[in-house]
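Novice:
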Amino acid sequence: NGNARYQKPVKQNERLRLRLINTSNARIFSLLLNGLEGWVVALDGQPIETPFEESKPLDRLSLAPAQRIDLIVDVTAEEGTEGVLYMPGRNGDHTLAVFSVDGKARPAPLPTPKPLARNPIPEIDSAAQARKVFLHMEGGAMGQMRGAFLGGKRVGMRELVNAGKVWAFNGQVEMPEKPLISAARGETLHIEIKNDTSWPHAMHLHGFHFRKLAENGRFGPLRDTLLMDREETATIAFVADNPGKWLLHCHMLEHVSSGMMTWIEVA
């Protein structure tokens, strides 16, 4: 919130709702809590079905650019001490927020919270016939890309570097004229994304929330930003219920400005 070391006074056994938003341009935050225990209740603004404990206390939280995590936490730190949100590092921990404990809110922690009310988003029918499309991500340092389309013609890496375009979606390093997919309103879409690079990417879809399709066929929680590890392939699924032209891009700003962008159309 604009402070290098955010501070808030709290009481022991007080219950807080924390909304963490990564507004950095490229950094992936790996976060830990100390003196605060609780539950993840929403991801990217969408309540999850059951508040879950990564462990008690909450295990490491990963937050890519544009991602949001809502937590409900109880202050377990003793009176006169501090609860902290921090980022561990090789050269020591970096504290982001300090919760100074003064007094006690109640004798014991409150019971496990109930799930938040769902937002009105159409559920994906696993039995429905889905439109499928493939998105190939390539480029960057230590990548295998040898060229891509720029200005309507295929050029080599030297020209791409001179133009500041070093990341590509499906062989293009600029916004394509045609959408990745044109869908009818209400269609179920599957986008298979292959990260054929040596770097992680935060893939962000405008206009929709999606679910990641696991290998066992189950769907993950609703999100609008997916952190993809290097050389990872993932499929996202969603119902195209929102008419318009919608951007799909890497939310690491250096990556989108140098090629990682496309769009979908729903009519």
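With positions in the sequence shown counted from 1, the corresponding number in my numbering is that position plus 1. Note that the Cβ used here is the ideal one computed from N, Cα and C, for glycine as well. A quick note: this is a predicted structure, and the numbers were derived from the prediction, not measured.
1) Residue 256 by DSSP, collapsed to three states: which one?
2) Here's a check: name, in chain order, each residue in its chain whose Cβ is nearer than 7 Å to the Cβ of residue 106, leaving out the five neighbours to either side.
3) Kindly give me the distance between the Cβ atoms of residue 26 and residue 66, rounded to whole angstroms, as I take these residues to be in contact under 8 Å.
4) Report back the beta-carbon spacing between residue 228 and residue 29 to the nearest angstrom; my notes put them in contact at under 8 Å.
5) Quick one: is residue 170 buried, meaning 16 or more other Cβ sit within 10 Å of its Cβ, or exposed?
6) Residues in the same chain with beta-carbon distance under 6 Å from residue 260, minus the five sequence neighbours each way, listed in chain order, please.
7) First and last residue of the alpha helix (DSSP H) that includes residue 163?
8) Less than 8 Å between the beta carbons of residue 72 and residue 19, yes or no?
9) Who are the near neighbours of residue 256 in its chain, counting only those whose CB is closer than 7 Å to its CB and skipping five residues on each side?
10) If you reduce the DSSP assignment to three classes, tell me which class residue 71 lands in.
11) Assuming residue 182 contacts residue 219 under a Cβ cut-off of 8 Å, what Cβ separation, rounded to an integer in Å, is found between them?
12) Cutting at 7 Å between CB atoms, please list the residues of its own chain near residue 254, excluding the five before and the five after it.
13) What would DSSP say about residue 5, mapped onto helix, strand or coil?
14) Counting along the chain, where does the beta strand (DSSP E) carrying residue 24 start and finish?
15) Within 8 Å, do at least three Cβ pairs link the stretch 130-147 to the stretch 100-120?
16) Keeping to the same chain, check which residues put their C-beta closer than 6 Å to that of residue 42; ignore five residues upstream and five downstream.
17) Taking DSSP's pairing of strands, which residues face residue 200 in a bridge?
18) At the level of alpha carbons, what is the spacing between residue 124 and residue 194?
19) My assumption, with CB atoms under 8 Å, is that residue 238 sits in contact with residue 212. Please give the rounded CB distance.
20) Under a three-way DSSP split, which group does residue 109 fall into?
Specialist: Once the coordinates are examined:
1) Counting from one through the sequence shown, the residue named residue 256 turns up at place 255. Correct three-state label for residue 256: helix.
2) As a first step, residue 106 must be located in the sequence shown, where it is residue number 105. Sequence-distant partners of residue 106 (beyond 5 residues in either direction) whose C-beta falls short of 7 Å from its own C-beta, in its chain, are 12, 13, 14, 15.
3) Within the sequence shown, residue 26 is the residue found at index 25, counting from 1. Within the sequence shown, residue 66 is the residue found at index 65, counting from 1. That belief holds up - the Cβ atoms of residue 26 and residue 66 are roughly 7 Å apart, short of 8 Å.
4) For this step, residue 228 is matched to residue 227 along the sequence shown. For this step, residue 29 is matched to residue 28 along the sequence shown. The beta-carbon separation of residue 228 and residue 29, rounded to 7 Å, stays under the 8 Å limit for a contact.
5) As a first step, residue 170 is located in the sequence shown; it is residue number 169 there, counting from the start. Classification for residue 170: buried.
6) As a position in the sequence shown, residue 260 is number 259, starting the count at 1. Counting only Cβ-Cβ distances below 6 Å, and skipping sequence neighbours, we find 166, 168, 169, 174.
7) In the sequence shown, the residue the question calls residue 163 occupies position 162. For residue 163, the enclosing alpha helix (DSSP H) covers residues 158-163.
8) As a working mapping, residue 72 is identified with position 71 in the sequence shown. As a working mapping, residue 19 is identified with position 18 in the sequence shown. Contact flag set, yes.
9) Translated into the one-based positions of the sequence shown, residue 256 becomes position 255. Counting only Cβ-Cβ distances below 7 Å, and skipping sequence neighbours, we find 168, 202.
10) Counted from its first residue, the sequence shown places residue 71 at position 70. Residue 71 falls in the strand class under three-state DSSP.
11) For this step, residue 182 is matched to residue 181 along the sequence shown. For this step, residue 219 is matched to residue 218 along the sequence shown. Not a contact, Cβ separation roughly 24 Å.
12) Walking along the sequence shown from the start, residue 254 turns up at place 253. Hits under 7 Å: 26, 27.
13) To locate residue 5, count along the sequence shown from 1; it is residue 4. In the structure shown, residue 5 sits in coil (DSSP, three-state: anything other than H, G, I, E or B).
14) Position 23 of the sequence shown, counting from 1, holds the residue named residue 24. Neither: residue 24 is in no beta strand (DSSP E) and is coded neither H nor E.
15) no
16) As a position in the sequence shown, residue 42 is number 41, starting the count at 1. For residue 42, where only same-chain residues beyond five positions count, the Cβ hits under 6 Å are 52, 71, 73, 117.
17) Working through the sequence shown from its first residue, we reach residue 200 at position 199. DSSP lists no partner for residue 200.
18) On the sequence shown, position 123 is the one that residue 124 refers to. On the sequence shown, position 193 is the one that residue 194 refers to. Roughly 21 Å between the two C-alpha positions.
19) Position 237 of the sequence shown holds residue 238. Position 211 of the sequence shown holds residue 212. 5 Å between Cβ atoms; contact.
20) Position 108 of the sequence shown holds residue 109. Here residue 109 sits in coil by DSSP.
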